[in-house]
Amino acid sequence: MFEAHFQTFEDPEGGVALTARLAAFRAELARENLTGFVIPRADAQQNEYVAPSEERLAWLTGFTGSAGLAIVLPRDAAVFVDGRYTLQAATQIDTTAWKVESLIEPPPENWLAEHLAPGDRLGFDPWLHTTAAAERFAAACAKAGAELIAVERNPVDAVWRERPAPPLGPVSIHDAKFAGIPVADKLNQVRNEIARLGTDALVLSDSHAVAWTFNIRGADVSHTPLPLSYALVPKDGRPTIFIDPRKLSNSVRDYLEGQADVATPDQLTPQLTQLAQRGAKISLDSATAADALSRLVTAGGGKAVRGNDPISLLKAVKNPTEIAGTRTAHQRDAVALARFLAWVDREAPSGKLTEIDAVEALETFRRETGALKDVSFPTISGTGPNGAIVHYRVTRKSNRRIAPGDLLLIDSGAQYEDGTTDVTRTIAIGEPTQEMRDRFTRVLRGHIAIARAIFPDGTTGAQLDTLARQFLWQAGIDFEHGTGHGVGSYLSVHEGPARISKLGTAPLKRGMILSNEPGYYKTGAFGIRIENLELVVPAEIKGAEKPMNAFETLTLAPIDRRLIDRRFSKKEVKWVNDYHARVRNEVRPHLDEATRMWLDAATAPIPYEDHFPG
Numbered sequence: 307m308f309e310a311h312f313q314t315f316e317d318p319e320g321g322v323a324l325t326a327r328l329a330a331f332r333a334e335l336a337r338e339n340l341t342g343f344v345i346p347r348a349d350a351q352q353n354e355y356v357a358p359s360e361e362r363l364a365w366l367t368g369f370t371g372s373a374g375l376a377i378v379l380p381r382d383a384a385v386f387v388d389g390r391y392t393l394q395a396a397t398q399i400d401t402t403a404w405k406v407e408s409l410i411e412p413p414p415e416n417w418l419a420e421h422l423a424p425g426d427r428l429g430f431d432p433w434l435h436t437t438a439a440a441e442r443f444a445a446a447c448a449k450a451g452a453e454l455i456a457v458e459r460n461p462v463d464a465v466w467r468e469r470p471a472p473p474l475g476p477v478s479i480h481d482a483k484f485a486g487i488p489v490a491d492k493l494n495q496v497r498n499e500i501a502r503l504g505t506d507a508l509v510l511s512d513s514h515a516v517a518w519t520f521n522i523r524g525a526d527v528s529h530t531p532l533p534l535s536y537a538l539v540p541k542d543g544r545p546t547i548f549i550d551p552r553k554l555s556n557s558v559r560d561y562l563e564g565q566a567d568v569a570t571p572d573q574l575t576p577q578l579t580q581l582a583q584r585g586a587k588i589s590l591d592s593a594t595a596a597d598a599l600s601r602l603v604t605a606g607g608g609k610a611v612r613g614n615d616p617i618s619l620l621k622a623v624k625n626p627t628e629i630a631g632t633r634t635a636h637q638r639d640a641v642a643l644a645r646f647l648a649w650v651d652r653e654a655p656s657g658k659l660t661e662i663d664a665v666e667a668l669e670t671f672r673r674e675t676g677a678l679k680d681v682s683f684p685t686i687s688g689t690g691p692n693g694a695i696v697h698y699r700v701t702r703k704s705n706r707r708i709a710p711g712d713l714l715l716i717d718s719g720a721q722y723e724d725g726t727t728d729v730t731r732t733i734a735i736g737e738p739t740q741e742m743r744d745r746f747t748r749v750l751r752g753h754i755a756i757a758r759a760i761f762p763d764g765t766t767g768a769q770l771d772t773l774a775r776q777f778l779w780q781a782g783i784d785f786e787h788g789t790g791h792g793v794g795s796y797l798s799v800h801e802g803p804a805r806i807s808k809l810g811t812a813p814l815k816r817g818m819i820l821s822n823e824p825g826y827y828k829t830g831a832f833g834i835r836i837e838n839l840e841l842v843v844p845a846e847i848k849g850a851e852k853p854m855n856a857f858e859t860l861t862l863a864p865i866d867r868r869l870i871d872r873r874f875s876k877k878e879v880k881w882v883n884d885y886h887a888r889v890r891n892e893v894r895p896h897l898d899e900a901t902r903m904w905l906d907a908a909t910a911p912i913p914y915e916d917h918f919p920g
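Every position in the sequence shown, counted from 1, becomes a number in my numbering once 306 is added.
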C-alpha cells in the first residue's frame, strides 16, 4: 500500500570491507609520500547533499551524516562530527580503528597540532576545501612543524575501485510562474553587486546560485534540484555557464544560450586563468569556492577577493511570486500531513507499525498530491531511543516498532516546484509520562516564543535564539543544534545566510523563510522536536519608531495537545488555539470525512481555565 520512491533504508557498509579500505588507503598515502590526509564530507561546491561519486567520507569510514571530516595518520584516525551526529557516528564507524572527535569545539586543527610531528606531510584535496579551511589546516601543521600539501589527485579515488561516475541529471527551466523574476533582471542585480564589491568578475561556485540566477533546476544530487555547474559573471559582457552538455536538452541549451555563453566544466580553469592573467580582481565565495580556485587566480596573476556570495542574500529574500508559491506548497503539504497524522493515531497504538512504515506512509500521502518532485531530505522517523538521535536515519537494521508509551519524532519535508517544506511533529503513542509532557511543553513554549517574536530591522538569528531555549534552561537542559535554518524556494531545505542559532550573524530580512525547531533529547529514552517554517513579514506597531518585523507561520499541521501540560500562559494557550483554528479552516475542506473528524478533535480549543493564568 505505502512505499518510498525517494529514500532508501539500506544499512551502510561496515566490518571487514571498511577495515580493508583503511589499510589500502594508508598504503596509498605511503606511496605518495604523505604522512596523512584530510577527508571532508564535501564536493567541490560544499553541497549538503553530494552525488554518490563524492561520498568519500562514507566510503572510507562508514559514517553517512551530512557533515563531518576524517583525518588519517599512520597510527591514528579520527572522524570529526558536530553535536547532531555524535551518537550516529559512534554506531556506524569501527571504534577500534577510528575515534569520534568534535568538529566544532575543539576543532580538528587542535587534534592535528597534537598528533602531527615535525617533518610530517599532511595532504588535502584543494577542490574539496575552502581557502579558509586550508589556511586553518596549514596553521595547525606549521604549529607542529609539519607541512600541508595540496594534491593533484585525491588518494581516496586511487583506492576506490568502484567509484560511481559523476551524475548527469537533466536540467530543466524553472518557469517564471515559480521564479517570479526573469534572468535579465537577476543578472542586473548581480552586476550591481559586482560594482559594489569593486571587482571585475564574480565566480558562481555554488550551484544554488547558478540555479537561482539563470532560473534552472537539475537532478544531480538527492533531495535538492541542483544542476551541478559553475558560472562566471563579468562586470561587463555576457556571463558563461560551465556545465556538462549531456545534461541539456536542445530546448534547455537554446534557453541558456539566450542568457549566457555555455561551456564545458573543463573550460573553467583556462577561462579563469586568462582573466587572472589580465590582472583582474575576481570575487570568490568564502563559503563554497574551492581553495583550488583561489590558487588558480593567484597563480595567474589576478587577485582573489574572498567574501560573502552576494547571490546568497538575493536568493534568501523571496520575491512575491516565491512567497505565494511557498504558501500554496504548504497548504498542499498540510493535506498530506493531516492524512498521515490521522493514520498514525489510528494505527500506531496496535504496536504493529515500524519507523519505516511511517516514512513510507508519509511519502505516499505526499506523492498522492500529484505535485511531489522529491523529499527535501531523508525523513527522520525515530521512536523511543532512536528519537534522541537528532539526525537519525532509519535502516532495515535499526528499524524499531512504534510501541504504546513511545514518542514518535517525525521530521520530514517535500520538494514542490512552487516551494520547499520542512516540518517536525512529536506524537504520543498511548499515554505519555509526566516527564515527556514537561519536556514537550518546555519545547513548545520556546517554539511559541519564536513564532510570536517581534523584532526590529537588523536583528540577527543569534539575538532570537535564546527565546527558544529559555524554558529548557530553567530546568537545566538544552539542545545541541541551531533553533532554525533558512529554506529555499524549490532549492535547498538548508539555505544561508540567515539562521536562528548562536552563530546566526546575518540580519533577518523580510521575505526570508526560516525554520523554528527547538527540541529536547534524552539519550536512550526519547526525543522531542516541534518545527514550523516561518516567513519574515512586517509588523505593524502603532507609534513604532523604527521598522519592525514578525513571523508568519507557513506550516499547517496539528501539534499534539496530549503532550501539553499545565505550565502554559493564557497568551500561549491563545497562540495554540489560534494556530489550530487556522489549520482547521485551511486544511479541513480538502480532506475526506474520516480525516476531517480526526482533525476536528486534534485541533479542538484548549480551555483557558485548564491552564495557569499569565
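Each residue gets a CB set at the ideal place from its N, CA and C atoms; glycine is no exception.
Annotation for residue 731: the continuous beta strand (DSSP E) segment containing it runs 729-734.
One thing to note: residue 480 has its Cβ no nearer than 9 angstroms to the Cβ of residue 355.
Spanning the alpha carbons of residue 486 and residue 627 requires a straight line of approximately 5 angstroms. Bridge partners of residue 680 according to DSSP: 721. For the pair residue 768 and residue 810, the CB atoms are nearer than the 9 angstroms cut-off.
About 22 angstroms separates the Cβ atoms of residue 593 and residue 540, ruling out a contact at the 8 angstroms cut-off. For residue 410, the CB contacts under 8 angstroms within the same chain, skipping 5 residues up- and downstream, are 388 and 389 in chain order. Note on geometry: alpha-carbon atoms of residue 751 and residue 901 lie some 28 angstroms from one another. Residue 565 has its alpha-carbon roughly 22 angstroms from the corresponding atom of residue 723. Residue pairing by DSSP places residue 408 opposite 387 in a beta bridge. The beta carbons of residue 477 and residue 533 sit about 5 angstroms from each other, so the pair counts as a contact at 8 angstroms.
Within the region 571-630, complete alpha helix (DSSP H) segments of at least 4 residues are found at 574-583, 597-605 and 616-622, given in chain order. Inter-segment contact for the region 460-470 and the region 614-632 is absent: fewer than three beta-carbon pairs are separated by less than 8 angstroms.
For residue 536, the closest alpha carbon among the candidates 820, 580, 867 and 591 is that of 591.
By the neighbour-count criterion, in which a residue is buried when 16 or more other Cβ atoms sit within 10 angstroms of its Cβ, residue 441 is exposed.
Straight across, the Cα-Cα distance linking residue 464 with residue 492 is about 42 angstroms.
Under the Cβ criterion (8 angstroms, minimum of three pairs), the region 421-441 counts as touching the region 343-360. One Cα belongs to residue 517, the other to residue 560, and the distance between them is close to 16 angstroms. For residue 567, the enclosing beta strand (DSSP E) begins and ends at 567-569. Bridge partners of residue 687 according to DSSP: 716. As DSSP reads the structure, residue 838 sits in a beta bridge with 822.
A buried status is given to residue 825, since no fewer than 16 other beta-carbon atoms sit within 10 Å of its beta-carbon.
Contact between residue 419 and residue 449 holds: their C-beta atoms lie close to 5 angstroms from each other, under 8 angstroms.
The closest CA to that of residue 891, considering only 877, 880 and 910, is found on 910. For residue 446, same chain residues with a beta-carbon under 7 angstroms away, outside a window of 5 residues either side, are 415, 418 and 419 in chain order. Note that the region 665-673 does not touch the region 874-885; fewer than 3 beta-carbon pairs, one per stretch, sit closer than 8 angstroms. Inclusion of residue 731 and residue 863 in the CB contact set at 9 angstroms is warranted, their separation being smaller than that value. Residue 440: member of the alpha helix (DSSP H) spanning 437-450, first to last residue. Straight-line measurement puts the Cα of residue 412 at about 44 angstroms from the Cα of residue 655.
Bounds of the alpha helix (DSSP H) holding residue 902 are 899-908.
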